[in-house]
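Per UniProt numbering: the sequence shown = residues 1 to 418. For each residue, glycine too, the CB sits at the ideal point set by N, CA and C. Have a look at the structure below before the remarks.
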Amino acid sequence: MSTTTTLTSGPASGPTDAELLARFQPLFESIASGSAERERTRTLLHAEVAALREAGFGALRLPVELGGHGASVRQLIVLLRELGAADSNLPQALRQHFFQVELLLRAPGDEVNAVWLDRVAAGDLFGSGTTEPHGSAIGQVSTVLRRASDGSYRLNGRKIYGTGNAYAQWIPVGAVDEEGVPVVPVVPVDREGVTLLDDWNGFGQRLTATSTTLFEDVVVQPDEVRRFAAGGPTRGGSGLHQAVLLAALSGVIEAATRELTDILRAKRRVYFTGTGELPRHDAVVQEQLGRARAASDASSLIVDGIGRRLEAAWATWGDPAATDEEIDRQFIDVELAVSSAQVVISELALTTTAHLLDVLGASSLDAAAGLDRHWRNARALASHNPYPFKARLLGDHALNGTEPPEFAVGRDVGEKTS
């Protein structure tokens with residue numbers, strides 16, 4: 001736990017930050033203890049995810065009466081930051097799960113929705129089936145759900161960047177029906193016709209279980225298909241996905257700072273150009289560590305603030321008296337705030353992790369220590385929705401009042417489709 005994690009109350013009927021941290025911090029510390037070795041051997045996080053499921057981490061946002069912990073949106077983001085300090089792969093692997101939970105909490109209270117909430121309370125996790133393969137227009141979906149003669153459906157398509165799918169029990173799949181209407185079938189990962197390819201080859205965030213996922217004549221039952229009514233707010237949910245990545249990035253800074261602190265406290269070897277009898281007494285060493293600590297503390301405060309902004313926006317979305325325009329306005333403001341945070345935290349993370357070894361010497365290059373993983377993971381996280389584009393968006397808004405575009409999954413050619 002960093003020194004700047006804010007210990008305030010949660011929702012009126014929910015737990016405090018201190019209560020949630022007391023419950024999950026021992027688990028986070030256990031996860032952190034094997035982080036470097038897992039990265040070195042590329043050991044996927046099945047055991048760690050199982051422990052999180054057993055502890056009910058995936059049900060953080062569910063009300064206590066539904067089998068959850070009753071945490072607020074802000075508390076979720078704070079805890080994901082602490083989880084990211086233990087292993088930055090985990091918040092990213094779970095981010096689509098928590099987005100799906102938010103959608104369920106705002107869906108009609110029918111029997112089908114109750115079944116999904118019960119599954120979340122029991123520990124089930126959602127993966128990701130959003131991004132289409134490279135090669136056609138932004139927003140175009142080629143994954144199709146067709147009705148079969150027996151009243152069920154058949155799902156066919158291919159998705160890339162299925163983050164967390166190997167850890168999940170269910171995959172919500174962005175698809176269209178035979179008439180081109182968007183639908184979201186939610187299928188079990190182990191159903192016949194679902195194939196996960198362990199093909200993520202990035203040099204960072206290597207343990208997110210990101211996979212290409214194939215759907216070949218997958219049987220889908222009618223109660224596994226989610227449809228969305230026309231109209232309503234167009235931006236509900238914006239910001240949460242990026243906020244989770246920012247929590248993970250802030251966690252990387254904290255993990256790197258903790259390791260640097262531990263190493264410098266124990267280090268005995270000094271440089272002939274240094275100023276202290278021990279490294280911890282050297283002014284240059286102290287300044288370097290101080291910069292890392294400042295970056296970690298500042299990013300923690302920013303993440304906490306983003307959590308508060310998100311919480312207010314999601315509360316507006318859940319308010320029956322709020323108009324669609326009011327909801328959209330809240331989420332536009334959140335997108336701008338998250339974009340600002342993304343520019344700052346990305347640069348803090350990349351700078352801090354790049355300079356981590358500056359005062360440690362050649363001995364810190366030992367591959368077993370895995371100190372390089374912090375920069376690699378920061379680089380991978382910062383490469384999602386690259387922050388220079390967010391900086392341009394902010395400048396355009398400041399100069400011209402241009403609102404940020406609605407989110408659409410990027411592809412490599414073509415125009416945005418409606």
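{"Item": "Between the CA atoms of F331 and P405 - distance to the nearest angstrom", "Value": "12 Å"}
{"Item": "CB-CB length for H317 against R106, believed under 8 Å", "Value": "Per the sequence shown, the amino acid found at residue 317 is Trp instead of His. Right, the Cβ-Cβ distance comes to about 6 Å (below 8 Å), so this counts as a contact."}
{"Item": "Residues bridged to R28 (per DSSP)", "Value": "In the sequence as displayed, the identity of residue 28 is Phe instead of Arg. F28 is not bridged to any residue."}
{"Item": "DSSP bridge partner residues for A294 (one or two, in chain order)", "Value": "Paired residues: none, contrary to the question."}
{"Item": "Simplified DSSP assignment, three categories, for N385", "Value": "coil"}
{"Item": "Residues bridged to N156 (per DSSP)", "Value": "V144"}
{"Item": "Assigned secondary structure, W170 (DSSP; H/G/I helix, E/B strand, else coil)", "Value": "strand"}
{"Item": "Option nearest L60 by Cα separation, candidates A121, N113, A51", "Value": "A121"}
{"Item": "V186: first and last residue of the uninterrupted beta strand (DSSP E) it sits in", "Value": "182 to 188"}
{"Item": "Terminal residues of the beta strand (DSSP E) in which L196 lies", "Value": "194 to 197"}
{"Item": "Nearest-angstrom Cα separation, counted from V218 out to L188", "Value": "In the sequence under discussion, the amino acid at residue 188 is Pro, which differs from the Leu named in the question. Using only the alpha carbons, I get a separation of about 10 Å."}
{"Item": "Three-state secondary structure assigned by DSSP to S149", "Value": "coil"}
{"Item": "Whole-number beta carbon distance between S300 and G84, since they are thought to touch under 8 Å", "Value": "That pair is no contact at about 11 Å."}
{"Item": "Residues that residue 431 bridges to, as DSSP identifies them", "Value": "No answer is possible for residue 431: the residues shown for the chain start at 1 and end at 418."}
{"Item": "Candidates R309, A378, T261, E54, of which the one nearest F24 by Cα", "Value": "E54"}
{"Item": "R227 - DSSP class collapsed to helix/strand/coil", "Value": "strand"}
{"Item": "Close Cβ partners of A367 (< 8 Å) along its chain, the five nearest in sequence each way excluded", "Value": "R40"}
{"Item": "Residue nearest to T351 in terms of C-alpha spacing, selected from E311, Q342, A292", "Value": "A292"}
{"Item": "Beta-bridge pairing of T316 - partner residues as DSSP gives them", "Value": "Note: T316 sits in no beta bridge, so no partner."}
{"Item": "Nearest-angstrom beta carbon gap, R38 and F203 [assumed within contact, 8 Å]", "Value": "That belief does not hold up - the Cβ atoms of F203 and R38 are roughly 15 Å apart, past 8 Å."}
{"Item": "Residue environment, T16, which counts as buried when at least 16 other CB atoms sit within 10 Å", "Value": "exposed"}
{"Item": "Cross-strand partners of F126 (DSSP beta bridge)", "Value": "W170"}
{"Item": "As assigned by DSSP and simplified to three states, the class of K121", "Value": "It should be noted that the sequence gives Ala, not Lys, for residue 121. Three-state DSSP puts A121 in a helix."}
{"Item": "The stretch 162 to 175 in contact with the stretch 125 to 134 per 3-pair CB rule at 8 Å", "Value": "yes"}
{"Item": "A322 - DSSP class collapsed to helix/strand/coil", "Value": "coil"}
{"Item": "Which of helix, strand or coil DSSP assigns to V270", "Value": "coil"}
{"Item": "Any 3 or more C-beta pairs closer than 8 Å across the stretch 182 to 199 and the stretch 210 to 228", "Value": "yes"}
{"Item": "Rounded separation between T275 and D304 - CA only", "Value": "38 Å"}
{"Item": "Endpoints, alpha helix (DSSP H) assigned at T93", "Value": "The displayed chain sequence assigns Ala, not Thr, to residue 93. Element bounds for A93: 89 to 105."}
{"Item": "Cβ distance (whole Å) where L207 is taken to contact L394 below 8 Å", "Value": "Not really, about 32 Å apart at Cβ, beyond 8 Å."}
{"Item": "Whole-angstrom C-beta distance between Q96 and G127, which should lie under 8 Å", "Value": "6 Å"}
{"Item": "C-alpha gap between V183 and W170, whole angstroms", "Value": "16 Å"}
{"Item": "Q288 classed as buried or exposed, judged by whether at least 16 other C-beta atoms fall within 10 angstroms", "Value": "buried"}
{"Item": "Nearest-angstrom Cα separation, counted from S88 out to E111", "Value": "36 Å"}
{"Item": "Where the alpha helix (DSSP H) containing R38 begins and where it ends", "Value": "35 to 41"}
{"Item": "Where V359 sits in the DSSP three-state scheme", "Value": "coil"}
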